Structures are given as C-alpha cells and as structure tokens.
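Residues in the sequence shown are numbered from 1 upward in steps of one, following the UniProt record's numbering. Beta carbons: idealized from backbone N, C-alpha and C, even for Gly. Please read these numbers as outputs of a predicted model, since none were measured by experiment.
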Amino acid sequence: MDAVLAVRARGITKCFGDVVALDGVDLDVTQGQIHGLVGPNGAGKTTLLGLLLGLAVADAGTLEILGVPVGRALSAVDGVAGFVDGPGLYPSLTARQNLAALVSLRGRDAHTAGIGEVLTEVGLREVADDRVRGFSLGMRQRLGLAAALLTRPRLLVLDEPSNGLDPSGKRHVHRVLNRLAADGTSVVLSSHRMDDVEALCSEVTILATGRAVFSGPLAKLAAENRELEYRLLTSDPTAARRLAAEAEGVRVVEDGGTRYGDEVLVVRALVPALDRLVSQVVRSEIAVRELAPVVSPLEAAFLALTEQQERQEQREQQGQSEQQAKRGQQEAGR
Ligand SMILES: Nc1ncnc2c1ncn2[C@@H]1O[C@H](COP(=O)(O)OP(=O)(O)OP(=O)(O)O)[C@@H](O)[C@H]1O
1 MDAVLAVRAR GITKCFGDVV ALDGVDLDVT QGQIHGLVGP NGAGKTTLLG
51 LLLGLAVADA GTLEILGVPV GRALSAVDGV AGFVDGPGLY PSLTARQNLA
101 ALVSLRGRDA HTAGIGEVLT EVGLREVADD RVRGFSLGMR QRLGLAAALL
151 TRPRLLVLDE PSNGLDPSGK RHVHRVLNRL AADGTSVVLS SHRMDDVEAL
201 CSEVTILATG RAVFSGPLAK LAAENRELEY RLLTSDPTAA RRLAAEAEGV
251 RVVEDGGTRY GDEVLVVRAL VPALDRLVSQ VVRSEIAVRE LAPVVSPLEA
301 AFLALTEQQE RQEQREQQGQ SEQQAKRGQQ EAGR
C-alpha cells in the first residue's frame, strides 16, 4: 500500500569518492511507524538519514518522501524535519531564542507549533531562558527535537536522538516519539543502543557496509535468528541442568554459572529445541521461574554482523599483507 508510505526508497546508492556509503538500499516506512536504523560505525546510517532530510542527493535509485519523488536538487520535502550529526544550535542564545530564530528564518505559518508548547513537550520549560552554552548533550538533543517539532512534521528524521540522555530524559523522549507516532507522524531514527531500538521501533533496518542486510519487524528478526543463549531459572537447577545436557539441540553454556551464579542455567538453542526443553522441565515437575535471552535477538544479530564484518576486514588485511609480501619476494628475486 504505497499510498501510505512516508518513505519509499529503492536501490539507493551514494558514494563519496571511492567510498560506497550506500549500496542499493531499499527502505519502506509506513505512516505512524517508528523505524530504527542500526549498524556498525560507517554502515551508512547518517548518509541515509541525510538523504531523507534533503541534505544530499543519491547517486542512483529512487526516493519518495511523503509521496513526493525526490529529484536531484538539494532540498527538504515539506513536512520533513530532524537532524543528523547533532542539532545545529546557537550556544550564545537561550533555548527559547534558538527556537524563535528558527521560526523567524522559516517564517511562521498555520502549521507552526508554539515555542513554549514544544519546550514543554521535550521537558525543557524550566531552562527555556538559559543559554544553550551551558546545556548538557542530552539537553541539546532535546532542544534539537523541540526545533524539529516546531514544524509539526509528518516525517521526523533523527540521528542518535538518545545520545547523552539520562534514563529519565530517555523516557521523556520515548514518550514524545510514541505520542507523535500515535498521531500519525512517521519517525526514522538511528541508534547504537539496541535496547532503545527495541523499546521504540516496530521495524528495523540493519545496515552493514552500505547494504541493508535485514529490514522488517523486530518479531521477524527474532524468528529468523540463529541460536541464542537463554538464562533459565528453575526450582531445581541441578535437575534442570541434567535435562538440558541430555536434550537434543541444546548446549549448556558452561561459563553461565560464573556470570549469573549456579542457580541460573545458561543454554544455547534454537527456539524449537528450547521449547522442547522447557516442556520437559515442566513435565518433570520443575517450576520455571524465569526464562530470558541473554542478549536480545536484535543485539545478537548486530553482534553477529559486527563479528562477520571484523572477520571480513581481517581476511582483507591478511590478503593485502600476503600480496605485499609476495611482491617483496618477487622484487628481491629480480
Ligand atoms: N561527507 C563524506 N565524505 C566522505 N566520506 C563520507 C562522508 N560521509 C560519510 N562518508 C563515509 O561513508 C561511510 C558511511 O558513513 P556514515 O556516516 O553514513 O555511517 P554511519 O553508519 O552513520 O556511522 P556511525 O555509526 O559511525 O555514525 C563511511 O565510510 C564514511 O567514512
């Protein structure tokens, strides 16, 4: 149902000289969806967000934002707001003056929200008349969000919005984003915090060296995932351990006890094998008190990806060193 897509990107490619920052990326973001972009450093997240904000244009591919095809000229589509690489703020002005400056730059129209209203919304009302110079990173992030909210965007694009936020600031920002999404605003955000992405986003795109290696609902990622480690707390740890050791497709993680204490059993398994083990434990009249993945499916996918990338880089480095050594030998032999 393309009509409701806030973002429709197909085969987006963006290069900076020899560096391929994005390599044929597809992205669909529906109306009212909070979509997370995750990936290791240099994966292309900021580049993609910059394209959505009209700060750069793609070299190839098609991009539609809020139903508007994005051309080759640098310009933001109406109804889009946000920031990449931190919000641009004037340190010598107060929070309120910063927002007033933005309003006078853009011109007030019927859609502009009130300055006091957005400052309250992001929890900065008390410090509205303090200079931004003295603001913490988390306060600047919140002011950046307030600046984006001024235009009542239909697509909000945020690069690492939780950077520097303490737990209460984070809760506050999550509430704001959830409320916006409930009202129909689409949000695309990048984050290195998997817990944040899991708490906020219904869909996620995982980027690795410019390619989208997964895009879809978090639940699908969990279902597709490889074996995960699970912590299992039962009423009889010794018997549960014995059952786990005998169960097909289940491996007892031997250093689990070191991490969590002997009461907790850590097993590694795919979901069907885990299900069989839990059923067996319960049939043996052992109560299951707690069952949780040691790391979430998203974090596991992210870690696996990072490890894969590191192995690839090691192989490439090794290949280069071998070639250099070969060339050295050839030159010495001449
Ligand atoms: N303006 C630019 N000029 C040259 N190279 C760039 C530019 N912007 C990005 N790159 C390169 O493009 C690739 C993707 O960068 P990008 O900043 O989009 O990644 P990222 O996923 O946001 O990384 P991080 O998590 O570190 O912020 C990197 O190799 C980066 O060095």
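Heavy atom of ligand 1 within 7 Å of residue i beta-carbon
i           : result
ALA21       : yes
PHE135      : no
GLY164      : no
THR306      : no
residue 335 : Since the first residue of the chain shown is 1 and the last is 334, residue 335 is not available in this structure.
residue 346 : There is no way to answer for residue 346, as the model of the chain reaches only from 1 to 334.
GLY39       : yes
PHE16       : yes
Spatial neighbours of residue i in its chain, beta-carbon cut-off 6 Å, leaving aside the 5 residues before and after
i           : result
CYS15       : ASP59
PRO91       : VAL132 and ARG133
MET1        : Summary for MET1: the model assigns pLDDT 45, below 50, so the residue's position carries little reliability, and this model does not support an answer.
HIS172      : GLY123
ASP236      : ILE286
residue 335 : A question about residue 335 goes unanswered here, because the residues of the chain that appear run from 1 up to 334.
ALA292      : ARG231
ARG268      : GLU227, GLU229, ARG251 and VAL253
ARG211      : ASP23
Own chain, CB closer than 8 Å to residue i, minus 5 neighbours either side, in chain order
i      : result
GLY153 : Checking the sequence, you will find Pro at residue 153 rather than Gly. Closer than 8 Å at the Cβ level, and outside the excluded window around PRO153, lie GLY79, VAL80, ALA81, GLY82 and THR185.
SER321 : none
GLN330 : none
ALA300 : ASN225, ARG226, LEU228 and PRO293
ASN98  : LEU89, TYR90, VAL132, LEU143 and ALA147
Cβ-heavy atom distance, residue i to ligand 2, below 7 Å
i     : result
ALA43 : As for ligand 2, it is missing from this structure, which binds only ligand 1.
Contacting residues, own chain, Cβ-Cβ under 7 Å from residue i (five flanking each side not counted)
i           : result
VAL68       : VAL77
GLU248      : ALA273
ARG72       : VAL57
VAL4        : THR30 and GLN31
ARG10       : ASP26, GLY61 and THR62
ARG289      : LEU233, THR234 and SER235
GLN318      : none
ASP159      : THR46, LEU49, PHE83, VAL84, ASP85 and SER190
ALA95       : LEU119, LEU124, VAL127, ALA128, ASP130, VAL132 and LEU143
GLY333      : none
residue 339 : Residue 339 is absent from the model: the chain starts at 1 and stops at 334.
PRO161      : GLN141, LEU145, VAL173 and LEU189
LEU165      : GLY138, GLN141 and VAL173
ALA208      : GLY39, PRO40, ALA43, LEU305 and GLN309
Residues bridged to residue i [DSSP beta-bridge criterion]
i     : result
GLY82 : VAL157
GLU64 : ARG8 and PRO69
THR30 : LEU5
LEU25 : One point to set straight first is that residue 25 is Val, not Leu, in the sequence displayed. Bridge partners of VAL25: ILE12.
HIS35 : VAL188 and GLU203
THR94 : ARG131
VAL19 : PHE16
C-beta neighbour in chain C for residue i, strict 8 Å
i     : result
ASN41 : The structure shown contains no chain C, having only a single protein chain.
Between the region 68-85 and the region 141-149, can you find at least three pairs of beta-carbon atoms closer than 8 Å? yes
Assess, as a yes-or-no matter, whether the region 264-282 is touched by the region 305-314 under the definition of 3 or more beta carbon pairs within less than 8 Å. With a cut-off of 8 Å, the region 264-282 and the region 305-314 do not count as touching, because too few Cβ pairs lie within range.
In chain order, what are the residue ranges of uninterrupted beta strand (DSSP E) at least 3 long that sit wholly in the region 174-249? 186-190, 203-208, 211-217 and 228-234
I'd like the ranges of any alpha helix (DSSP H) spanning at least 4 consecutive residues and lying wholly in the region 101-166. 115-121 and 137-149
Contact between the region 203-215 and the region 235-243 (3+ Cβ pairs under 8 Å): no
Could you check whether the region 261-273 touches the region 168-187, counting it as contact only if at least three pairs of C-beta atoms, one from each stretch, sit closer than 8 Å? no
Secondary structure, alpha helix (DSSP H): runs of 4+ residues fully inside the region 243-306: 256-260 and 271-283
Determine contact between the region 188-200 and the region 34-46, defined as no fewer than three beta-carbon pairs at a distance below 8 Å. yes
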